[in-house]
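**Q**
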Amino acid sequence: MGARAGFVARGVIYLLVGVLALRIAFSDGGKQADRGGAIAEIAEKPFGSVLLWVLGLALAGMALWRLSEALFGQAGPDGEKASKRAMAAGRFLFYAFVSYSVLSYAAGDKGSGSGSSDQQTDDVTARALEWTGGQWIVGAAGAAVAGAGLWMAYRALARKYHKHMKMSEMTKKTRQAVDAVGVFGGTVRGAVFATAGGFAVAAAVQHEPGRAKGMDDTLRSFTETPAGPWLLAFIALGLAAFGLFSWANARYRKV
């Protein structure tokens with residue numbers, strides 16, 4: 012139950028980030044297109060505080076599910092492998108942090124969760140570059156994020172998610188819809204992560220913290236390409252599609 016609620020919550024966040032990115036593509040400025048912007052957007056709605064509590068608790072459910080996978084193994088083939096359990100542990104830490112940020116914001120700490128991912132990235136990168144071997148650390152972290160993004164895109168294109176979902180319970184049209192949002196959304200999500208990782212590597216090579224970019228600046232960077240705002244609009248639709256794919260996981264994921 013917690014896992015399915017968590018997938019719904021993840022879908023909400025990605026849908027909102029997609030909407031915010033679409034606004035940025037065709038207007039000047041706009042709210043930050045990242046998790047903080049999504050949280051702030053929800054907070055402004057009627058019963059926003061209640062919605063944030065629900066969202067935060069749902070993400071906590073996702074974190075606990077990932078923790079159970081780390082401790083006891085995942086559903087499906089090879090679920091007991093050490094590599095899969097280690098990945099589940101990493102996801103547990105990520106969702107636990109996101110849940111804490113959302114719940115802290117809902118409880119009144121407006122500096123939590125809604126902070127700019129770009130400023131946070133700059134601050135962390137600047138501190139890391141001051142360490143002995145900091146360039147290597149930042150470069151390795153950026154390469155890891157870029158590699159993770161490429162891995163996400165590959166898994167989406169190869170439809171690796173099929174083995175984790177109850178495909179036999181879907182109608183033909185449902186399977187087609189799930190594949191449409193799963194491949195498109197997962198590939199775009201992976202491309203965004205890979206791009207952010209590339210910026211971190213550039214920051215390390217040039218020893219310039221400002222080269223590293225959070226989610227918001229990474230998305231805005233797509234408008235600087237020859238395709239201009241249209242590429243960002245395409246990316247925004249992909250992130251929204253991943254939100255819909257998360258909702259499909261909430262219904263059909265094997266947990």
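Residue numbering for the sequence shown follows my numbering, beginning at 12 and increasing consecutively. Here a beta-carbon is modelled for each residue, glycine too, at the ideal position from N, C-alpha and C.
Please classify M226: does DSSP put it in a helix, a strand, or coil?
**A** Helix.
**Q** Measuring straight from C-alpha to C-alpha, what distance separates L31 and S115?
**A** Computed Cα separation, rounded: 22 Å.
**Q** Nearest to A117 by CA position, among R96, K92, T136, W64, is which residue?
**A** A117 has its Cα closest to that of W64, out of R96, K92, T136, W64.
**Q** Of the residues V203, S60, G239, G196, which one's Cα is nearest the Cα of G22?
**A** Nearest of V203, S60, G239, G196 to G22, Cα basis: G196.
**Q** Taking the alpha helix (DSSP H) that Y165 belongs to, which residues open and close that run?
**A** Run containing Y165: 145-168, per the alpha helix (DSSP H) assignment.
**Q** How would you call R287, buried or exposed, if buried means at least 16 neighbouring beta carbons within 10 angstroms?
**A** Since the first and last residues shown for the chain are 12 and 266, residue 287 lies out of range.
**Q** Could you pull out every residue in the same chain whose Cβ sits closer than 7 Å to the Cβ of A247, ignoring the five residues on either side in sequence?
**A** The answer, listed in chain order, is G29, A32, L33, A36.
**Q** Using a C-beta cutoff of 8 Å, does G13 count as contacting chain B?
**A** The structure shown contains no chain B; it is built from a single protein chain.
**Q** Do V203 and A154 have their beta-carbon atoms positioned less than 8 Å apart in this structure?
**A** No; because the gap between Cβ atoms is not below 8 Å, this pair is not in contact.
**Q** Where do the N-terminal and C-terminal ends of the alpha helix (DSSP H) with A69 fall, by residue?
**A** Here the alpha helix (DSSP H) through A69 covers 59-83.
**Q** Nearest-angstrom Cα distance between S179 and V61?
**A** Rounded to whole angstroms, S179 to V61 spans 36 Å at the Cα level.
**Q** Please classify M176: does DSSP put it in a helix, a strand, or coil?
**A** Strand, per DSSP.
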